[in-house]
Every structure is written in structure tokens, then in C-alpha cells.
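Student: Mapped onto numbering that gives the first Met the number 0, the consecutive letters of the sequence shown carry residue numbers 0 to 441.
Pasting in a structure now, in C-alpha cells, and then I'll have a few things to ask.
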Amino acid sequence: MDLLSRMTLEERQVQLHSVHDLDPSIWQRYKNTSFGDQKMSHFPQRDALSLLRARNQEQAYFLQNSRLHIPLSFHQETLTTVGPGGTNFPLGSTIGSSFNVSLAGEIGKVIAKEAQAVGVDVGYAPEINLYTDPRNGRGQEAFSQDAFLTSELAVAWVLGMQGGDVDSLGPRHYLSKDKVACVAKHYIAYGASQGGLNSGPAMIDEYTLRDVYLAPWEAVVRRAGLRALMRSHEAWNHWPIHASTYLADIINKLGFNDSFSISDCGDLHDLIRAEAATSEVEAAAMGLNASVDVENRCGTEIYDHVIEAIHAGMLAESTLNTSVARVLRHKFSAGLFDKPYQSEKGLVEMRSPRHLQLSLEAAQQGVVVLKNAPLAAARDAILPLDLEKFAGRTIAVIGPLGACTEGSPQCAHKAHPIPVTVPAARTRGRLVLHSGFAVVIV
Numbered sequence: 000m001d002l003l004s005r006m007t008l009e010e011r012q013v014q015l016h017s018v019h020d021l022d023p024s025i026w027q028r029y030k031n032t033s034f035g036d037q038k039m040s041h042f043p044q045r046d047a048l049s050l051l052r053a054r055n056q057e058q059a060y061f062l063q064n065s066r067l068h069i070p071l072s073f074h075q076e077t078l079t080t081v082g083p084g085g086t087n088f089p090l091g092s093t094i095g096s097s098f099n100v101s102l103a104g105e106i107g108k109v110i111a112k113e114a115q116a117v118g119v120d121v122g123y124a125p126e127i128n129l130y131t132d133p134r135n136g137r138g139q140e141a142f143s144q145d146a147f148l149t150s151e152l153a154v155a156w157v158l159g160m161q162g163g164d165v166d167s168l169g170p171r172h173y174l175s176k177d178k179v180a181c182v183a184k185h186y187i188a189y190g191a192s193q194g195g196l197n198s199g200p201a202m203i204d205e206y207t208l209r210d211v212y213l214a215p216w217e218a219v220v221r222r223a224g225l226r227a228l229m230r231s232h233e234a235w236n237h238w239p240i241h242a243s244t245y246l247a248d249i250i251n252k253l254g255f256n257d258s259f260s261i262s263d264c265g266d267l268h269d270l271i272r273a274e275a276a277t278s279e280v281e282a283a284a285m286g287l288n289a290s291v292d293v294e295n296r297c298g299t300e301i302y303d304h305v306i307e308a309i310h311a312g313m314l315a316e317s318t319l320n321t322s323v324a325r326v327l328r329h330k331f332s333a334g335l336f337d338k339p340y341q342s343e344k345g346l347v348e349m350r351s352p353r354h355l356q357l358s359l360e361a362a363q364q365g366v367v368v369l370k371n372a373p374l375a376a377a378r379d380a381i382l383p384l385d386l387e388k389f390a391g392r393t394i395a396v397i398g399p400l401g402a403c404t405e406g407s408p409q410c411a412h413k414a415h416p417i418p419v420t421v422p423a424a425r426t427r428g429r430l431v432l433h434s435g436f437a438v439v440i441v
């Protein structure tokens, strides 16, 4: 790659930086070198047009001022929506409950189309972990506890977002129009943490790891050409996944070697807290040696020490070059060198009637209706509700999602409120809403 050979060590190091902050000090720091990518979920803009214009403005600044004019990549959380002005879809557990593979693919297409419209080229989705412990507070993000169902839905979703056919999968091929690269999350066994604790260790044997938890990952790499992944917070059998060369080798041998891997928030720094690394320099070396190509910089700056790690003999320069090549390969395949700016014409697709209808259908198909009546006494059933039978009577809806309104904290990000419709408001008779009760375990 000719570009790589012309880059200084500093210019290569900063290509591994995924920047969250958006302020003048960041622009000044990277003015001459540019950097890897900007996380758009931290932009303050609250509508799609303003978001896109801010994105293009930042792109212009670094293209005009940096020595080699390397374009920025723009990342965004896309689990259910692209953010301001985007169509909001149900969480993964609802999609999984539909058992509808084609539905997952159509949702992936819509999210990619809207993401591309606001200038995103990397979307953080889908969540393909198997949350086998129901106590885990993020289980609703994933499709299912079943490896086969998760694999089928994940492949459809990734193909929907990234596009491609059997002859054009992966980062060595250009992304098609209205497509973005997927960052599948979180490699690996994130849903198997002890006690359902976020960042808790996954204490599972290798047979279970490979036969169960690896299955969705193998599927999206081999059948959908996954272009990126995010590492998992936890440790596998007491060794941090962000420092595991063994787990990196497993996924790379499946065909992921040209794609890039990004850290989760704070986890490279946590190598020190976990006593796997003794310093920031050693943590940087451990991350890159384990093929963690990009640092998700959530207040941490471990990959500021990559050059120091090379000089200290902890990291080979060729290893740095491999990671930088993966980042640049994505930028070329996403067309950022040819078309660094995004036109405003695509914004007409945001929250279009067709997209909103698909969101409604996804919610409807994912509804699971309980039935608790014995066959002999079906006329006395409580579930499913017979609205004719309960007409004029009071119905209690208990739970934090019963009274969603635009901008309410339980239904939307406070910075980017999304209009929602409360289906319960359409029931006949009186309706009592209660947020539920907190349970404190001491």
C-alpha cells in the first residue's frame, strides 16, 4: 500500500484513534496528521441536516490541513437507529422474537441507507452475543440465546447493512451505494459473564466457546464478509479478551484477517487495572499484538503510546503497519478517498413512510402474546386480553416502557429524542400506567 509507506510513525499511530470529543483542542491536536475516525454519537446536533453539515465541516478541516489529506471515517451507534432524524427500530430481542430472517435483512438495509445519508460509513451493529444469563442488563440488545437463530438473523442483518454477494464480500471490495461497514459486538462470549455482570469474566470451557458462542461470529465472517468487530469487555478464563492473541487468531483464521477490530470503551486501559499490563506502553503493545487495531477513546489514550512501545521493543513496527493497513483498507473500500463528503440529497430518506412502516411491522412481529388458560376453561382466560370483554374496565400497564413519550429517558437518548407512539393509548376503557418498583438486593 503506497500510502502506508509515505506515512510517518506519528501519522500511522493516530490512524488507530477513534475520537469521541468534538472541540477545538481536538482539531488543533490532529491538524497536521488527521486521525482515524470520529464517533458521531457525541455530536451535539439534534437533527439530521445539522449532523451531516457538522460531519462535512470536520472532514473538510482535516483534508485541507493534514499533510497527506487522509479522510476521516465516521462511526455511529446503529443498534436501533442512526440517531437524530433516523427511524427507530425495536431492539434485537424483539427482532429475534419475530423469527423473521428477511425482516432482519430489511432493517439492516434501512439503517445503512439512513446512516449513509448523514455521512456514516461504519455502524456499530448488530449485537450477536448469546445472553445465556437472564440477569445480564444488556440482554435485550441481542437477538436470542440460541446460536442458530442468532447466526441466521445476524447474517441477514450484516448483508443488509454491508451489501455484497458471494463474490464481493469483505473489505477488499468496495461498499455499494447506501451501504456501511458493520461493527458486530462484542467478540466473544460477552453474554456469558459470571452472574450476568457487565465486564464479569466468562468462565466457560473451550468446547462451549467454539461450539456455541463462536457460531454467530463464524457465520457473519464467512457468509456475510463482516468488515469490523468490537472486542468484549470481559476476560475469558481470567485473561482479558483485549489482550488475547489466541482469540484473535481464531477469528482471523475464519477469514477476518483483512477486517479491523476496535476496542470497547476503556478496556485497553483496563489491562493495567486487571494487572495484565504494568504500564500504558505495555497495554498499547498488548492490544496491538492481540489485533485490537483501533482504540475507542472514551477518556483513555492508550494508543498515544504505540511509538514508545516500538522503541521499547514491545511491539514490532510491522504489527503497527498491519493494523493501519486494515484501517486504510476500510477507508478505501468505503470510497472515502474518492468521495469524502456526503451530499444532502439522501436526507429525504430519513424517517420515510416506508421506513416507519417497516419499524411498525418489526414491533408487531416481535410481540409475544402469553396465554395462561387451561384448554377446558378458555373462556376464563386472562391472557391474551379480550378488549371487548374488558371494555369499560380499568387496565393497569406496569413497567417503565408503558408511558413512553418523546424524549422520556426510558425510551430515547436524552440528547436525541425520537417521536414514539404508545399503543396502550389506543385501548378502550380506562388505563392506569405505573413505572413499576425498584428491587434492591442487600
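By construction, the Cβ of each residue, glycine as well, lies at the ideal position given by its N, Cα and C atoms.
Identify whether M349 lies in helix, strand or coil by the three-state DSSP scheme.
Tutor: Taking the sequence shown and counting its residues from 1, the one referred to as residue 349 is at position 350. The answer is coil: DSSP assigns M349 none of H, G, I, E or B.
Student: Spatial neighbours of A141 within its chain, please: C-beta separation below 8 Å, excluding the five flanking residues on both sides.
Tutor: Residue numbering aside, residue 141 sits at position 142 when the sequence shown is read from its first letter. So the qualifying residues of the chain are G91, S92, G95, E126, I127, N128, L129, Y130, T149 and G190.
Student: Could you give the C-beta distance for E348 and E113, rounded to a whole number, given that I count them as a contact under 8 Å?
Tutor: Numbered from 1 along the sequence shown, position 349 holds the residue referred to as residue 348. Numbered from 1 along the sequence shown, position 114 holds the residue referred to as residue 113. Confirmed, Cβ separation roughly 6 Å.
Student: Just to confirm before moving on: does the CB-CB distance between V293 and F259 stay below 9 Å?
Tutor: Locating residue 293 in the sequence shown gives position 294, where the first residue counts as 1. Locating residue 259 in the sequence shown gives position 260, where the first residue counts as 1. Going by C-beta atoms, V293 is nearer than 9 Å to F259.
Student: Let's test the definition: count the other Cβ atoms within 10 Å of the Cβ of E387 and tell me whether it reaches 16, buried, or not, exposed.
Tutor: Residue numbering aside, residue 387 sits at position 388 when the sequence shown is read from its first letter. Exposed, because fewer than 16 other Cβ atoms sit within 10 Å of the Cβ of E387.
Student: Which same chain residues, not among the five before or five after P83, have their C-beta less than 7 Å away from its C-beta?
Tutor: Taking the first residue of the sequence shown as 1, we reach residue 83 at position 84. Contacts found: Q44, R45, D46, A47, L50 and H415.
Student: Mapping the DSSP letters down to three states, classify A276 as helix, strand or coil.
Tutor: As a first step, residue 276 must be located in the sequence shown, where it is residue number 277. Coil at A276, not helix or strand.
Student: Thinking just about the alpha-carbon of each residue, which of W235, H185, K184 and I240 is nearest to the one in T207?
Tutor: Working through the sequence shown from its first residue, we reach residue 207 at position 208. Among W235, H185, K184 and I240, the Cα nearest to that of T207 is on W235.
Student: Could you name each continuous alpha helix (DSSP H) segment of 4 residues or more that falls completely within the segment 284-323, going from the start of the chain to the end?
Tutor: Entirely contained in the segment 284-323, the alpha helix (DSSP H) runs reaching 4 residues are, in chain order, 305-310.
Student: CA-CA distance, D266 and A395?
Tutor: As a first step, residue 266 is located in the sequence shown; it is residue number 267 there, counting from the start. As a first step, residue 395 is located in the sequence shown; it is residue number 396 there, counting from the start. The straight-line gap from Cα to Cα measures roughly 43 Å.
Student: Mind the definition here: the segment 283-297 touches the segment 316-326 only if three or more C-beta pairs lie below 8 Å; say whether that holds.
Tutor: The segment 283-297 vs the segment 316-326: in contact.
Student: In terms of residues, what are the limits of the beta strand (DSSP E) holding Y123?
Tutor: Residue mapping note: residue 123 aligns to position 124 of the sequence shown, counting from 1. Residues V121 to Y123.
Student: Which term fits R353, buried or exposed, when burial requires 16 or more other beta carbons within 10 angstroms of its beta carbon?
Tutor: Translated into the one-based positions of the sequence shown, residue 353 becomes position 354. Result: exposed.
Student: Can you check which of these residues, D1, A53, P70 and N87, is closest to S351 by C-alpha distance?
Tutor: Taking the sequence shown and counting its residues from 1, the one referred to as residue 351 is at position 352. With distances taken between Cα atoms, S351 lies closest to N87.
Student: The alpha helix (DSSP H) that contains K184, what's its start and end?
Tutor: As a position in the sequence shown, residue 184 is number 185, starting the count at 1. Unbroken run through K184 is the beta strand (DSSP E), A180 to Y186; no alpha helix (DSSP H).
Student: If I'm right that D257 touches P170 with Cβ under 8 Å, what's the distance once you round it to whole angstroms?
Tutor: Within the sequence shown, the letter at position 258 stands for residue 257. Within the sequence shown, the letter at position 171 stands for residue 170. 5 Å between Cβ atoms; contact.
Student: Taking the beta carbon of G29 as the centre, do at least 16 other beta carbons fall within 10 Å, making it buried, or is it exposed?
Tutor: The residue labelled residue 29 in the question sits at position 30 within the sequence shown. Residue 29 is actually Tyr in this sequence, not Gly. Per the 10 Å Cβ criterion, buried.
Student: Evaluate the contact criterion for the segment 162-180 versus the segment 322-330: three or more CB pairs, one atom per stretch, below 8 Å.
Tutor: Judged by Cβ distances under 8 Å, the segment 162-180 makes contact with the segment 322-330, as three or more pairs qualify.
Student: Taking the beta carbon of Q363 as the centre, do at least 16 other beta carbons fall within 10 Å, making it buried, or is it exposed?
Tutor: Position 364 of the sequence shown, counted from the start, is the residue given in the question as residue 363. Under this definition Q363 is an exposed residue.
Student: Would the segment 229-247 and the segment 154-165 be scored as touching if the rule is three or more Cβ pairs under 8 Å?
Tutor: Touching, no.
Student: Cα separation between V305 and V323?
Tutor: Counting from one through the sequence shown, the residue named residue 305 turns up at place 306. Counting from one through the sequence shown, the residue named residue 323 turns up at place 324. About 12 Å.
Student: Can you list, in chain order, the residues of its chain with a C-beta nearer than 8 Å to that of N99? Leave out the 5 residues immediately preceding and following it.
Tutor: Numbered from its first residue, the sequence shown carries residue 99 at position 100. Excluding positions up to five away in sequence, the list reads Q364.
Student: Assuming S33 contacts F61 under a Cβ cut-off of 8 Å, what Cβ separation, rounded to an integer in Å, is found between them?
Tutor: Numbered from 1 along the sequence shown, position 34 holds the residue referred to as residue 33. Numbered from 1 along the sequence shown, position 62 holds the residue referred to as residue 61. So it is a contact: roughly 4 Å between Cβ atoms.
Student: Whole angstroms are fine: how far does the CA of K252 sit from the CA of S101?
Tutor: On the sequence shown, residue 101 is found 102 positions in, with the first residue counted as 1. On the sequence shown, residue 252 is found 253 positions in, with the first residue counted as 1. So the two alpha carbons sit approximately 29 Å from each other.
Student: What runs of the beta strand (DSSP E), each 3 residues or longer, lie entirely inside the segment 1-49?
Tutor: Correct list: 16-18 and 36-38.
Student: Distance cutoff 9 Å, beta carbons only. Does G162 sit that close to anything in chain C?
Tutor: The structure shown has no chain C; it contains just one protein chain.
Student: Looking only at its chain, what residues have a beta carbon closer than 8 Å to the beta carbon of N135, apart from the 5 residues adjacent to it on each side?
Tutor: Sequence index remark: in the sequence shown, residue 135 carries index 136 (1-based). Here the set comprises G190, S192, G195, L196 and N197.
Student: V154 and I110 look like a contact to me (Cβ under 8 Å); what is the Cβ gap, rounded to whole Å?
Tutor: Start at 1 with the first residue of the sequence shown, and residue 154 comes out as number 155. Start at 1 with the first residue of the sequence shown, and residue 110 comes out as number 111. About 16 Å; that fails the 8 Å criterion.
Student: Whole angstroms is fine: what's the gap from G163's alpha carbon to A308's?
Tutor: What you label residue 163 is simply residue 164 of the sequence shown in a count that begins at 1. What you label residue 308 is simply residue 309 of the sequence shown in a count that begins at 1. Approximately 38 Å, taken between the alpha carbons.
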